[in-house]
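Undergrad: So the sequence lines, in the order shown, correspond to chains C and E.
Residue numbering for the first sequence follows our numbering, starting at 1 and increasing by one per position.
Residue numbering for the second sequence follows our numbering, starting at 1001 and increasing by one per position.
Think of the CB as a built atom: it goes at the ideal place given N, C-alpha and C, for glycine as much as any other residue.
Below: one structure in structure tokens.
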Amino acid sequence: MIDSSAKNSLTTRRILFVDDEFDVRRVVQTCLEKIAHWTVIVAESGEEGLRKARTEQPDAIVLDVMMPIIDGSQFLSALLAQPETRSIPVVLLTAKADSLDIKQYEEMGIKGLIGKPFNPLTLHQEIATALNWVV
Amino acid sequence: MAPRSSHQPASTQKGKNKIRSASTRRSRKRLLQPLLEYAQDAIALVDDAGCFLDANLAACQLFGLSRQALLGRPLLDFIDAGGGHEGLNLQTSQRQIGELRLVNSRHVFSEVEYSLTPAVLPHGHLLVLRDISRRKAAIEDELQRQRQRVELFSEVTLKIRQSLQLKEILHTTVTEVQRILRADRVLIYQVLPNGTGKTISEAVLPNYPTILDMEFPEEVFPEEYHQLYAQGRVRAITDVHNPAAGLSECLVDFVDQFDIKAKLIVPIVQNLNHNGSTSPNQLWGLLIAHQCRNPRHWVDFELELMQQLADQISIALAQAQLLERLEEIVEVRTAELQDVNRSLKQEINDREHAEAALRQSEEQLRLITNALPVLIAYVDNQQQYRFNNNAYFDWLGKSPGEIYGAHLQHVWGAACYQRMRFYVDSALSGHTVTYENEITLANGNQRSVDVTYVPHLDDQNTVKGFFALTSDISDRKAIERMKDEFISVVSHELRTPLTSLHSALKILATGRLGSLSTDGQQMLGIADESTERLVRLVNNVLDLQRIESGKVIMDRQAHNAADFMVQAAEAMQAMAQQHEVTLIAQPQDLMIWADADYILQALTNLLSNAIKFSTPGDTVWLTAEAGQDEAIFRVRDEGQGIPADHLERIFERFQQVDSSDSRKKGGTGLGLTICRKIIEQHGGRIWAESTLGHGSTFSFTLPTLKE
């Protein structure tokens, strides 16, 4: 999903970050807020992420893959199943980037994949590039 | 024929003439009459019926009748029924001659020669008969004698010929001659090549001395005698003391010693030489008969017998000689055959040994191969099994008999054979190949196997087949999988806290969360740098594990080497500048077959190393050149160099030349190992060359695209 006009401004970006690890949530949130000045909504589980996606309608979702109960794949399926969340672009952030069945996720419409550990100073740029956002 | 007297009357002239001629005839008749009457031959006149009309005295005697009794009797009465008178024909005008057997009135038989002249008078035929009984008897006697001699001679010859042994032949000869001739002594004297000789065989009556083995003095048997005898002289001496015999005095003295009165000597002549061809007569010896009691006149038959037996001895000698030669030949041939036989036996022996050794070796081979828990086989170039060990039975449930001669596809099934085929073809092209495969055992279990095919080449380098070794690596594979999983899990588990740590430090370092004291910033810097290294290490470990586990499939495509070189140089330019190192890339247009990402990773890794280990002001070169079917890339630096004993080791994990130095440079100890894996996955080679103090060159090859 390419965002073209109103949401092009960096300050207006609203990102939902779903990760079960508190440390990672905090670091990513800090990175994107302090360096990219985006608004970051966090969710610590798949259920919470799905709910917040529906209620908060973020510009994009950055999703961890390895999570208990609802993993990345199930999250995507559920997201696609909700009409109100179906069009929200998703970028994966995973420590298993190299062993993941990327094809499966690509078929589910993900926009990009960023491996852990990532460079916190350029993370926002990688996300923007994946989403075709102008940084 | 009775004399008739008659008176002759005178008449006319003509009549006178007639009277004269009649008178002449009468006077002639008178003259002939006694001649006929007393002729030796029987003369008779017979009439047309064959009855006697007249007969002379000899005829009367022949038929044993007086003339009166004879006249009127038919001739037929006197012809022996078995005598064959059919030839006598009174009806013909031809003169007939022939023989008849007559039987006279006293039943005395006589053989006669007859001549019948028909019609000497009207109805009177002249029959002349001559008694030939005695002559015929004499001839028959002679024939009989001759037959006896022939029989005798045959008998002796037969006896002689019954043996092939010369000694026995000679003994038989003297014994037989002595018996037949009733001589007192018969001997054979052999003339030796040096002119001397001795008695070699003798038959002598008991009351006379033996002269066996005796050598005759030379004066008794001088050289000139040799010549004469060689020419066939035969001497028959009736009385040795008779001067007419012409014996020398010394010879007479010599024979007197043995009381010899008469002697008969015939030569034994030989005309065969050693190579079997004929040669002039040579005197071999003498056959001698002695009469000791009294002088003896030797008759022709005795002479003849002796001569013939001497000839027989000659033949026997020739035969003996031939036999001897034959025996020699046989001996030589036998020796040759024995040699051949010996060598044949040796050969057979050798072969048996070789076969036994082969059998033993085969048994040992079988013993060894059967004891090993791996599949061992030999497959011919028709892809048929020619040898397999017992493990085939244990694994596949197929007996050696089922497998021997069977095709690979038959043994392994179509699907498995499809996976094997490429490697089988390679092996049959003469290449040693090793690969991994998945097989299903007889019990249904799946096993991972490591398979090696080693081609079998003959002297002409023709592939006759290949040796196949298949080992079960399922356990190893399971361990590898566990290791891979472990590394994977550990690495991922490390990544999560690292991500937080790394990110937190980075954000702190930006100062956006507040400023730190100088010491604080320094500590933060150390933490950041160490975290960076830890991140690289985890990334490298994962890279290496992925490549080694075979999870990475190189996406090889056609690329220009120049593009890689430019990209890699660009990527490393910033680092070079940071290290104040000049990076020079000399791009070369070479089409290579490679996975772009991985080759770039390898190139940047090598360049990164070169820059890291250079001192400011140095230059790092990236060059490429075309080799045979390959492109050779080189990264050269002017650093401190690598000791020769480290040139190979540095490609192994965590084998830096100086690990503390490497750590200072931020190395993980896995970069070169990853490079080597990447290059090897591409079918290339990587190596290092270095001169201490003058820098190092890292080179690798990649296959170039064939036209």
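Let me check understanding here. Comparing Cα to Cα, which of E/Lys1477, E/Arg1447, E/Glu1529 and E/Val1541 lies closest to E/Val1774?
TA: Nothing about residue 1774 of chain E can be read from this structure; chain E reaches only from 1001 to 1707.
Undergrad: Output needed in chain order: residues of the segment 112 to 124 of chain C with a Cβ under 9 Å from some Cβ in chain E.
TA: Gly115, Lys116, Pro117, Phe118, Asn119, Pro120, Leu121 and Leu123
Undergrad: Take the Cβ of C/Cys31 as the centre, count every other Cβ of all protein chains shown within 10 Å, and call the residue buried at 16 or more, exposed below.
TA: Translated into positions along the first sequence, residue 31 of chain C becomes position 31. Result: buried.
Undergrad: Would C/Glu84 count as contacting chain E if we go by Cβ distances under 9 Å?
TA: For this step, residue 84 of chain C is matched to residue 84 along the first sequence. No, no contact with chain E.
Undergrad: Among the candidates C/Gly72, C/Pro89, C/Pro83 and C/His124, whose CA atom is the shortest distance from the CA of C/Val27?
TA: As a working note, residue 27 of chain C is residue 27 in the first sequence. Considering only alpha carbons, the answer is C/His124.
Undergrad: Pull up the CB-CB distance for C/Ile127 and C/Ile110, whole angstroms please, since I reckon it's below 8 Å.
TA: As a position in the first sequence, residue 127 of chain C is number 127, starting the count at 1. As a position in the first sequence, residue 110 of chain C is number 110, starting the count at 1. With 8 Å as the limit, C/Ile127 and C/Ile110 do not qualify as a contact, their Cβ atoms being about 12 Å apart.
Undergrad: Would you report the Cα separation of E/Asp1350 and E/Leu1337, rounded to the nearest angstrom?
TA: Working through the second sequence from its first residue, we reach residue 1350 of chain E at position 350. Working through the second sequence from its first residue, we reach residue 1337 of chain E at position 337. Here the alpha carbon of E/Asp1350 sits roughly 19 Å from the alpha carbon of E/Leu1337.
Undergrad: Pop quiz: C/Arg86 and C/Leu79 are said to be a contact at Cβ under 8 Å. What is the actual Cβ separation, rounded to whole angstroms?
TA: Within the first sequence, residue 86 of chain C is the residue found at index 86, counting from 1. Within the first sequence, residue 79 of chain C is the residue found at index 79, counting from 1. C/Arg86 to C/Leu79, Cβ: 7 Å. Contact.
Undergrad: So what's E/Glu1689 in DSSP terms, helix, strand or just coil?
TA: Indexing the second sequence from 1 puts residue 1689 of chain E at position 689. In this structure, E/Glu1689 counts as strand in the three-state DSSP scheme.
Undergrad: Please state the DSSP three-state secondary structure of E/Val1046.
TA: Indexing the second sequence from 1 puts residue 1046 of chain E at position 46. Looking at E/Val1046 - three-state DSSP - the assignment turns out to be strand.
Undergrad: Would you say E/Ile1169 and E/Ile1268 are within 9 Å of each other, going by their C-beta atoms?
TA: Taking the first residue of the second sequence as 1, we reach residue 1169 of chain E at position 169. Taking the first residue of the second sequence as 1, we reach residue 1268 of chain E at position 268. Cβ distance not < 9 Å, so E/Ile1169 and E/Ile1268 don't count as in contact.
Undergrad: Strictly below 8 Å CB to CB, what residues from chain C border E/Lys1677?
TA: Residue 1677 of chain E sits at position 677 when you count from the first residue of the second sequence. Result: empty, since nearest Cβ-Cβ is about 15 Å, beyond 8 Å.
Undergrad: Below 9 Å on C-beta distance, what does C/Thr39 contact in chain E?
TA: Locating residue 39 of chain C in the first sequence gives position 39, where the first residue counts as 1. Near C/Thr39 there are no residues of chain E at all, since even the closest Cβ is about 16 Å away, more than 9 Å.
Undergrad: Under three-state DSSP, which class holds E/Phe1387?
TA: Position 387 of the second sequence, counted from the start, is the residue given in the question as residue 1387 of chain E. In the structure shown, E/Phe1387 sits in a strand (DSSP, three-state: E or B).
Undergrad: For a contact defined as C-beta to C-beta under 7 Å, what are the partners of E/Ala1504 on chain C?
TA: Within the second sequence, residue 1504 of chain E is the residue found at index 504, counting from 1. Near E/Ala1504 (Cβ distances below 7 Å), the residues of chain C are Val27.
Undergrad: Once DSSP output is grouped into helix, strand and coil, what is the label at C/Arg13?
TA: Looking up residue 13 of chain C in the first sequence gives position 13. Reduced to three states, the DSSP call for C/Arg13 is coil.
Undergrad: Just to confirm the assignment, what range does the beta strand (DSSP E) spanning E/Trp1621 have?
TA: Position 621 of the second sequence holds residue 1621 of chain E. Residues Thr1619 to Ala1626.
Undergrad: Apply the 10 Å Cβ neighbour rule to E/Ala1002 and answer buried if 16 or more other Cβ atoms are within range, or exposed otherwise.
TA: By 1-based counting over the second sequence, the position of residue 1002 of chain E is 2. Any answer about E/Ala1002 is weak, because its pLDDT of 37 lies below 50 and its placement is not dependable; what the coordinates show is given next. Exposure of E/Ala1002 is indicated by the presence of fewer than 16 other C-beta atoms within 10 angstroms of its C-beta.
Undergrad: DSSP three-state call for E/Ile1097: helix, strand or coil?
TA: Walking along the second sequence from the start, residue 1097 of chain E turns up at place 97. Here E/Ile1097 sits in strand by DSSP.
Undergrad: Spell out the partners DSSP gives E/Cys1250 in its beta bridges.
TA: Here residue 1250 of chain E corresponds to residue number 250 of the second sequence, with the count starting at 1. Note: E/Cys1250 is not bridge-paired with any residue in the DSSP secondary-structure output.
Undergrad: So, with DSSP's three-state summary, where would you put E/Ser1608?
TA: In the second sequence, the residue the question calls residue 1608 of chain E occupies position 608. In this structure, E/Ser1608 counts as helix in the three-state DSSP scheme.
Undergrad: Just to check my reading of the structure: E/Gln1642 and E/Ala1688 have Cβ atoms closer than 8 Å, yes? What is that Cβ distance to the nearest angstrom?
TA: Walking along the second sequence from the start, residue 1642 of chain E turns up at place 642. Walking along the second sequence from the start, residue 1688 of chain E turns up at place 688. Just to set this straight, residue 1642 of chain E is Ile in the shown sequence, not Gln. With 8 Å as the limit, E/Ile1642 and E/Ala1688 qualify as a contact, their Cβ atoms being about 6 Å apart.
Undergrad: Compare the C-beta of E/His1646 against all C-beta atoms of chain C and say whether one is closer than 9 Å.
TA: By one-based count along the second sequence, residue 1646 of chain E stands at place 646. Answer no: the Cβ-Cβ gap between E/His1646 and chain C never drops below 9 Å.
Undergrad: If you compare alpha carbons, which of E/Gly1669, E/Gln1094, E/Asp1131 and E/Gln1061 is closest to E/Arg1106?
TA: Numbered from its first residue, the second sequence carries residue 1106 of chain E at position 106. Of the listed residues, the one whose Cα sits closest to E/Arg1106 is E/Gln1061.
Undergrad: Out of E/Asn1605, E/Ile1237, E/Leu1264 and E/His1492, which one is the CA nearest neighbour of E/Val1174?
TA: By 1-based counting over the second sequence, the position of residue 1174 of chain E is 174. For the set E/Asn1605, E/Ile1237, E/Leu1264 and E/His1492, the Cα lying nearest the Cα of E/Val1174 is the one of E/Leu1264.
Undergrad: With respect to the beta strand (DSSP E) encompassing E/Ala1055, which residues constitute its N-terminal and C-terminal limits?
TA: As a working note, residue 1055 of chain E is residue 55 in the second sequence. Phe1052 to Ala1055 is the extent of the beta strand (DSSP E) around E/Ala1055.
Undergrad: Looking at the unbroken alpha helix (DSSP H) that takes in E/His1492, where does it start and where does it end?
TA: Working through the second sequence from its first residue, we reach residue 1492 of chain E at position 492. Element bounds for E/His1492: Ser1474 to Thr1510.
Undergrad: Nearest-angstrom Cα distance between E/His1431 and E/Met1565?
TA: Taking the first residue of the second sequence as position 1, residue 1431 of chain E is located at position 431. Taking the first residue of the second sequence as position 1, residue 1565 of chain E is located at position 565. Rounded to the nearest angstrom, the two C-alpha atoms are 34 Å apart.
Undergrad: Can you give me the Cβ contacts of C/Pro58 inside the same chain, cut-off strictly under 7 Å, excluding the 5 residues immediately before and after it?
TA: Position 58 of the first sequence, counting from 1, holds the residue named residue 58 of chain C. Hits under 7 Å: Arg14, Ile15, Leu16, Ile41 and Ile88.
Undergrad: Which first and last residues belong to the alpha helix (DSSP H) in which C/Leu79 is found?
TA: Translated into positions along the first sequence, residue 79 of chain C becomes position 79. Here the alpha helix (DSSP H) through C/Leu79 covers Gly72 to Ala81.
Undergrad: Can you check which of these residues, E/Ala1289, E/Asn1389 and E/Lys1136, is closest to E/Glu1302 by C-alpha distance?
TA: Mapped onto the second sequence, residue 1302 of chain E falls at position 302. Residue E/Ala1289 is the option with its Cα nearest to E/Glu1302.
Undergrad: Cβ of E/Leu1102 within 8 Å of any heavy atom in the ligand SAH?
TA: What this structure holds is no ligand at all, so the ligand SAH is not there to describe.
Undergrad: If we define contact as Cβ-Cβ less than 9 Å, is C/Val24 a contact residue for chain E?
TA: The residue labelled residue 24 of chain C in the question sits at position 24 within the first sequence. It does: the Cβ of C/Val24 has a partner Cβ on chain E nearer than 9 Å.
Undergrad: Using a Cβ cut-off of 9 Å, pull out every chain E residue sitting near C/Ala78, in sequence order please.
TA: Working through the first sequence from its first residue, we reach residue 78 of chain C at position 78. In chain order: nothing, as chain E lies at least about 24 Å away.
Undergrad: Checking contacts by CB at 9 Å: is E/Phe1700 closer than that to chain C?
TA: Translated into the one-based positions of the second sequence, residue 1700 of chain E becomes position 700. No, because no Cβ of chain C sits closer than 9 Å to the Cβ of E/Phe1700.
Undergrad: Tell me whether the beta-carbon of E/Gln1446 lies closer than 9 Å to the beta-carbon of E/Glu1436.
TA: Walking along the second sequence from the start, residue 1446 of chain E turns up at place 446. Walking along the second sequence from the start, residue 1436 of chain E turns up at place 436. No, these two residues do not count as a Cβ contact at 9 Å.
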